[in-house]
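The structure appears below as structure tokens.
Protein chains: 2
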Amino acid sequence: MSLAVATEGFTHRTAVPLRRVPACVAFACQRGARTLRLVPRYGAGAVDAEVRYLWAGAPGAPTVIVQGGISADRDACANDEHTAPGWWEPLVGPGRAIDLNHVRVLAIDWLDAEDVGAPSVSSEDQAGALAALLDALGIARVAAFVGASYGAMVGLAFAARHPQRVGSLVALAGAHRPHPLATAQRAVQRGIVKLGIENGCVEAALSLARQLALTTYRSGEEFGRRFAGGAEYRDGRFQLPVEGWLEYHGRKFVARFDARRYLALSESIDLHDVDPKAVRVPATLIGFTSDRLVPLADLCLLQQQLGAPASLEVIETAYGHDGFLKEPERLAPLLREALNTCGD
Amino acid sequence: MSLAVATEGFTHRTAVPLRRVPACVAFACQRGARTLRLVPRYGAGAVDAEVRYLWAGAPGAPTVIVQGGISADRDACANDEHTAPGWWEPLVGPGRAIDLNHVRVLAIDWLDAEDVGAPSVSSEDQAGALAALLDALGIARVAAFVGASYGAMVGLAFAARHPQRVGSLVALAGAHRPHPLATAQRAVQRGIVKLGIENGCVEAALSLARQLALTTYRSGEEFGRRFAGGAEYRDGRFQLPVEGWLEYHGRKFVARFDARRYLALSESIDLHDVDPKAVRVPATLIGFTSDRLVPLADLCLLQQQLGAPASLEVIETAYGHDGFLKEPERLAPLLREALNTCGD
């Protein structure tokens, strides 16, 4: 995969005025888009895809790729053009574990199937887009790829295909393949969204799919602690304490996410399949004891079979799969250690 | 609650010819319906409800109530009018753990909200219907109440309200209250069914709700063992191994179950709330290690707080909540022991 066209301007989903190279307050910051030539795994041939990215941090410092779950975006941290906190704000920024005084973070918005002109999008397609973006930005090699959840899957796909372009891999709550129970739960989520598309009720359906996803992210212990108590009769029906929380987050998700994009990225997790032996990049794997989507047993297997030295760090938490978002204080020393020892 | 009208004939959902007292091959068998006066918890007052029941076993022997999950029916075992295997066939019958040579099994089809003329139906309503049915059949007291899943919840409600009418309680995979994570999962299931009702796609929605329920019944280990392997491209889309299984069982459920009945019984689980101290009947509690719907911790709490001596038996299994259906050989000795020592 190679660079096709380096766009002069930047395009944005939000109505932010176009600027060539937006200057951030404390660090160099590029937030833009490039049109890159990709060969998607499930497509009919090469396509030109627009890849939206953020590249921010100390000018001239080594680059670290940072990618999150399917609902995360390129804004891992607040920046000049996105002043709201990023999805990993506590861990990315000047002086933080991924220290933008010493590295530059590079991140993309995930491509969906439409972006790559194919019926499905693969974790390899995302990895290919990142590699093509490195070419476009003139980055020969990144110090590390730090990926969480789907980002960890893409990190594994990137390390398997482009080992010479990454010093080390830090994979949080993601493995070489999805667990069949998690696949079943996502298949039902996609079934709900498809039902909504087919029957003119896509927003309500997307909300329900997100609510189902939420029940898989946190542990039973966490649900038990937060939502004890009986039903209340309100507005003509019984309401359980957990229902208000589910519905609130369902609505919030519908306001910021698209149903077809959700279908494509959810499916992409379930199509993900990387041979651990093909990953010949030193790796730090991080798992969470109560993660029911990515069981520790799968990370143990990945560690055993990885084609390079790999350590497995386990964080005991009740936050389940959401541990990568909810345990920043325990993750910070692990990330600092992994990035200090990364081989760039 | 008291008997209102003892019907002379029997009514059936299936098109079986009416008979007064159907004779079974090896044991006395009544399979019919009674109209009983009930005072539903969420209703406006007394109602006459039709209660369909099975009463089968050794003539004159002590009666044991047997109730299963929300999708189970009165036919715990094959009988003269229902020759297909019952939902608990391996455990109920002549010579089996619930031995119809020595006891008579009594079971009802669950009432739904419509049956009791109320917006919601409670586990106490089911217990009340069973008590009124005992009056109608002239049964002063049952030797035991054996309930699994929702049936265990109803057993606890029955024991709390009618302690003088039951010798002992055997509660499998059911507790004094639902777990908030399980409530969240069922709330999403009900949301899917309501979406289907509101948008003219109720069958597809009920299928998806059932598929979601299936992901909560079995353990991750069981899913991992059965559905390993990657996606196959068929009929214009990728299909994961677990999807065919989910869809098959979704269709099967739609063919035999009604959406509004599902809504009512699912909600009834989440409204269930019995004070363990109010249960003054000796109890055997049976739990399954991998049951994510009814965690062992909740059964431990129930055992500690129950208002009478209670033992807790734990079965180590990968079948999760479905352990009560899938582990008959390990359940049989526990049921025999519990019924031999029951105080009638």
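Here the protein sequences come in this chain order: X and S. Taking this note's numbering, the leading residue of the first sequence gets 423, the next gets one more, and so forth. Taking this note's numbering, the leading residue of the second sequence gets 423, the next gets one more, and so forth. Just so you know, even glycine gets a beta-carbon here, dropped at the ideal spot from N, CA and C. From a predicted model like this one, the values you see are computed outputs, not experimental measurements.
- The count of Cβ pairs closer than 8 angstroms, one atom from the segment 599-613 of chain S and one from the segment 675-682 of chain S, stays below three, leaving the stretches out of contact.
- X:Q725 is the residue among X:G550, X:E689, X:R612 and X:Q725 whose C-alpha sits nearest the C-alpha of R702 of chain X.
- E511 of chain S sits in coil when the DSSP states are folded into three classes, being neither helix nor strand.
- Taking each of X:C722, X:R683, X:E759 and X:V696 in turn and checking the Cα distance to E536 of chain X, the smallest one comes out for X:R683.
- Sorting X:G577, X:L734 and X:Q727 by C-alpha distance to the C-alpha of L707 of chain X places X:L734 at the top.
- Under DSSP, C451 of chain S takes part in a beta bridge, and its partners are S:A478.
- Taking T638 of chain S as the centre and dropping the five residues before and after it, the same chain places the C-beta of Q607 and L715 closer than 6 angstroms to its C-beta, in chain order.
- Of all residues in the segment 594-619 of chain X, only H601, P602, L603, T605, A606, Q607, A609, V610, G613, I614 and L617 place a beta-carbon less than 7 angstroms from a beta-carbon of chain S.
- When the beta-carbon positions are compared, Q633 of chain S and G613 of chain X come within less than 8 angstroms of each other.
- When Cβ-Cβ separations below 8 angstroms define contact, C451 of chain S makes no contact with chain X.
- By the neighbour-count criterion, in which 16 or more other beta carbons inside 10 Å mark a residue as buried, T505 of chain S falls on the exposed side.
- For F580 of chain S, the enclosing alpha helix (DSSP H) covers residues Y572 to R583.
- A653 of chain S and P663 of chain S have their C-alpha atoms roughly 7 angstroms apart.
- Chain S has a Cβ within less than 8 angstroms of the Cβ of F649 of chain X.
- If you look at T739 of chain S, you'll find it isn't in any alpha helix (DSSP H); DSSP assigns it neither H nor E.
- Residues of the same chain with a CB within less than 6 angstroms of the CB of S571 of chain S, apart from the 5 flanking positions on each side, are G491, A595 and G596 in chain order.
- Of the other Cβ atoms in all chains shown, fewer than 16 fall within 10 Å of the Cβ of G658 of chain X; this residue is therefore exposed.
- Residue contact with chain X for A627 of chain S: present (Cβ-Cβ distance below 8 angstroms to some residue of chain X).
- Shortest Cα-Cα distance from A478 of chain X to any of X:V488, X:W667 and X:E749 involves X:V488.
- Identification of chain X residues near C623 of chain S by a Cβ-Cβ cut-off of 8 angstroms yields L617, E620 and N621, ordered along the chain.
- The residue from X:V486, X:V576 and X:L555 with its alpha-carbon nearest to that of I691 of chain X is X:V576.
- For G709 of chain S, no Cβ of chain X is located within less than 8 angstroms of the residue's own Cβ.
- Scanning X:A730, X:G729, X:D470 and X:E689 for the CA closest to the CA of L555 of chain X turns up X:D470.
- Apart from the 5 residues on each side of it in sequence, V514 of chain X sits with its Cβ closer than 8 angstroms to the Cβ of V488, A498, C499, G508, I520, L522 and V527 in its chain, given in chain order.
- Shown here for L718 of chain S: same chain residues with a beta carbon closer than 6 angstroms to its own, the five before and five after excluded, namely G709 in chain order.
- Spanning the alpha carbons of R496 of chain S and E751 of chain X requires a straight line of approximately 54 angstroms.
- With a threshold of 8 angstroms between beta carbons, S542 of chain X makes contact with chain S.
- Counting along the chain, Q489 of chain X sits inside the beta strand (DSSP E) bounded by residues T485 to Q489.
- Following the DSSP letters along the chain, one finds E654 of chain S in no alpha helix (DSSP H) but inside the beta strand (DSSP E) bounded by residues E654 to R656.
- L723 of chain S and A593 of chain S have their C-alpha atoms spaced approximately 14 angstroms apart.
- Per DSSP, reduced to three states, the secondary structure at F645 of chain S is helical.
- Distance from the CA of A700 of chain S to the CA of W532 of chain X, rounded to the nearest whole angstrom, comes to 55 angstroms.
- Boundaries for V615 of chain X: no beta strand (DSSP E) harbours it, while the alpha helix (DSSP H) harbouring it runs P602 to E620, taken from the DSSP string.
- Collapsing the DSSP output to three states places T711 of chain S in coil.
- At the C-beta level, G642 of chain X and L636 of chain S stay beyond 8 angstroms of one another.
- Close partners of D502 of chain X in chain S (Cβ separation under 8 angstroms) are lacking, with about 39 angstroms as the shortest Cβ gap.
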